[in-house]
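Which chain is which? The protein sequence lines are A and B, in order.
When you number the first sequence by the working numbering, it's gap-free, plus one each residue, and the end is 191.
When you number the second sequence by the working numbering, it's gap-free, plus one each residue, and the end is 1230.
Positions of the beta carbon are idealized from the N, C-alpha and C atoms, including for glycine.
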Amino acid sequence: MNTEFLSEPIFLVVLAGLLSSSFLSINAKKQSGSERSNALVISALAFSLTGILTSAITYAIYNSMISKGYSPLCSSNGFIGCADVIGDPSFNTLLTLPWGLIGISGFGLLLYLILSIRMDPHARWVSNHLDYSWYASIIGMVIVVFLVIVELAFVDGAPHICAYCTVAHLSMIGFLVSAHMLREHKASGDW
Amino acid sequence: MARRRATTIQKGKDEDVRLMAALAAVGVISIVLFSVFIISPPATIGPNEGELAPDFVASAYNGGGWDEFRLTDQFDREWTAGEDGKFILIQFMDSDCPHCWREAETMSELHSQWGGKVTFISIAVELSIQGHSSDRDEIKAFRDKTNYGTDSNDGNGCNSGGSNCVERPGTAHAWNYVDDYNSNIIRDYGVTGTPFIVLLQPDGYVSWNQGQSGGLMNIEQALQTYVEGN
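Structure follows, in structure tokens:
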């Protein structure tokens, strides 16, 4: 298996973002009351920021692949490598929009929803924003499942796994879990 | 006299917080997008002159069999104007289109004259017109000029189904014929009728689009101007 991507500094940065977000989310389970709310909100914020950063990197890779045929951010190829996935013209866009751009927009929406809760955790619309975050991340999960199936079965020379795309997918899963825990915590009345 | 209790009512706090959150999120996205545009600016992709031609992956018949064909594999990304490099001529055609039937001879002549400097690609489509029912065997027969349509396939041959493909004008063609019966490529290139030709520079940028020439330049003149003039 090709593990060259593990030596790429930018990949290590987004991986660190994902691991930090996960740690915050796991750590929140040990807390209660407003401390728990705060920790969960921060973990959701971290997941959304990691998602935005990773989506931006895949968008930059897409731009480079289109105009130059290669990307310096994407030196890995083979089973684990982004060039074969992001460079496939049949699947690298949705209605002419690159997936990276869609990811930035989607995680940007989640960032807005969770940031507003962070700024005023006791506002009357917090429950609504938690619901919107949950529904938006469920839509995100449907897209993640579709993209993973495309990576494994449909891209040119499948199966391929794009390491950066996987970090973005895991960020979406992490956000979904955080949003679910936040809703449960809010419903428990221990907010 | 009773004292009136002083109360403080926060007006519009909720809305202010949401607006600030929205501004912060937009700010983060703007910074991220700006950084991407600096590091790796997006190319303008499209069929118009000066744009990078849309890529495609499809099955192509090369005379031996059907193989996967990708347009960008033909590109020389390092090419700059004035250097040697093969231009790419993309012809959209329908084996049942009478104009394509006649243009086939011109294509044979162009290939014999420019084949050393230009890579020829024909994109075979099926227009939604009565009598334009085609299949891969018809593409092969049209390209190779082989017997198809009078004593086979219930008489449904090339040229609106009325001609045997072996009678096609011009010589047999020696370049790739790409199957676009699902219309993915013709849609990306905005082509509404056949025959239609687009000429690309070796680096994949569109140098001439038949639809933009306004009838002032035909493909022969375009090849003279862009390939010979390079």
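{"Check": "As assigned by DSSP and simplified to three states, the class of S1030 (chain B)", "Outcome": "helix"}
{"Check": "contact_flag[the region 105–122 of chain A, the region 1021–1030 of chain B] where n(CB pairs < 8 angstroms) is 3 or more", "Outcome": "yes"}
{"Check": "DSSP state of C162 (chain A) mapped onto helix, strand, coil", "Outcome": "coil"}
{"Check": "Unbroken alpha helix (DSSP H) run spanning D131 (chain A), endpoints", "Outcome": "126–149"}
{"Check": "Short Cβ contact (7 angstroms threshold) for T58 (chain A) with I86 (chain A)", "Outcome": "yes"}
{"Check": "Contact set between the region 1054–1067 of chain B and chain A, restricted to residues whose Cβ is under 8 angstroms from the partner", "Outcome": "P1054, D1055, F1056, V1057"}
{"Check": "Residues sharing a beta bridge with W1208 (chain B), DSSP", "Outcome": "B:L1199"}
{"Check": "Within chain B, partners of M172 (chain A) - CB distance below 8 angstroms", "Outcome": "Result: empty, since nearest Cβ-Cβ is about 17 angstroms, beyond 8 angstroms."}
{"Check": "Sequence-distant residues of the same chain with beta carbon closer than 8 angstroms to A136 (chain A), five excluded per side", "Outcome": "G106, L109, L110, L113"}
{"Check": "Closer than 7 angstroms to chain B by CB, I86 (chain A)", "Outcome": "no"}
{"Check": "Any C-beta of chain A under 7 angstroms from that of K1011 (chain B)", "Outcome": "A caution first: K1011 (chain B) carries a pLDDT of 49, below 50, which makes its placement in the model too unreliable to give a value."}
{"Check": "W1066 (chain B) - partner residues in DSSP beta bridges", "Outcome": "B:Y1061"}
{"Check": "When B:R1102, B:W1114, B:A1141 are compared against P1169 (chain B), the one with the closest alpha-carbon", "Outcome": "B:R1102"}
{"Check": "When B:S1207, B:Q1212, B:C1158 are compared against T1225 (chain B), the one with the closest alpha-carbon", "Outcome": "B:S1207"}
{"Check": "Burial state of P89 (chain A) (16 or more Cβ within 10 Å)", "Outcome": "buried"}
{"Check": "Distance CB(L1071 (chain B))-CB(D1096 (chain B)) smaller than 7 angstroms", "Outcome": "no"}
{"Check": "Three-way DSSP call (helix, strand, coil) for D84 (chain A) in this model", "Outcome": "helix"}
{"Check": "C-beta neighbour in chain A for P1042 (chain B), strict 7 angstroms", "Outcome": "yes"}
{"Check": "Partner residues on chain A for V1206 (chain B), Cβ-Cβ distance less than 7 angstroms", "Outcome": "Under the 7 angstroms cutoff, chain A gives no residues; its nearest Cβ is about 14 angstroms from V1206 (chain B)."}
{"Check": "Within-7 angstroms CB hit, I1121 (chain B) to chain A", "Outcome": "no"}
{"Check": "Helix, strand or coil at M1217 (chain B) according to DSSP, with G and I counted as helix", "Outcome": "coil"}
{"Check": "Residue of B:S1128, B:I1129, B:Y1148 minimising C-alpha distance to R1136 (chain B)", "Outcome": "B:Y1148"}
{"Check": "Sequence-distant residues of its chain with Cβ nearer than 7 angstroms to W134 (chain A) (five each side left out)", "Outcome": "A179, H180, R183"}
{"Check": "Contact set between V1028 (chain B) and chain A, taken where Cβ atoms lie within less than 8 angstroms", "Outcome": "L49, I52, G108, L111"}
{"Check": "Helix, strand or coil at V1291 (chain B) according to DSSP, with G and I counted as helix", "Outcome": "Shown here, chain B extends from 1001 to 1230; a query on residue 1291 (chain B) therefore has no answer."}
{"Check": "Which listed residue (B:N1048, B:E1126, B:D1144, B:M1020) has its alpha carbon closest to that of D120 (chain A)", "Outcome": "B:M1020"}
{"Check": "Outcome for S32 (chain A) when other beta-carbon atoms lying within 10 angstroms are tallied against a minimum of 16", "Outcome": "exposed"}
{"Check": "For W1066 (chain B) and T93 (chain A), the rounded distance between their alpha carbons", "Outcome": "26 angstroms"}
{"Check": "Identity of the residue in B:P1202, B:Q1210, B:G1211, B:K1140 nearest D1179 (chain B) by Cα", "Outcome": "B:K1140"}
{"Check": "V177 (chain A) versus A39 (chain A): straight-line alpha-carbon distance, rounded", "Outcome": "13 angstroms"}
{"Check": "Contact set between K68 (chain A) and chain B, taken where Cβ atoms lie within less than 7 angstroms", "Outcome": "R1077"}
{"Check": "Exposure of G189 (chain A), with buried meaning 16 or more beta-carbon neighbours within 10 Å", "Outcome": "exposed"}
{"Check": "Chain-ordered neighbours of L115 (chain A) on chain B, where CB pairs are closer than 8 angstroms", "Outcome": "A1021, A1024, A1025"}
{"Check": "Residues that Q1091 (chain B) bridges to, as DSSP identifies them", "Outcome": "B:S1122, B:I1197"}
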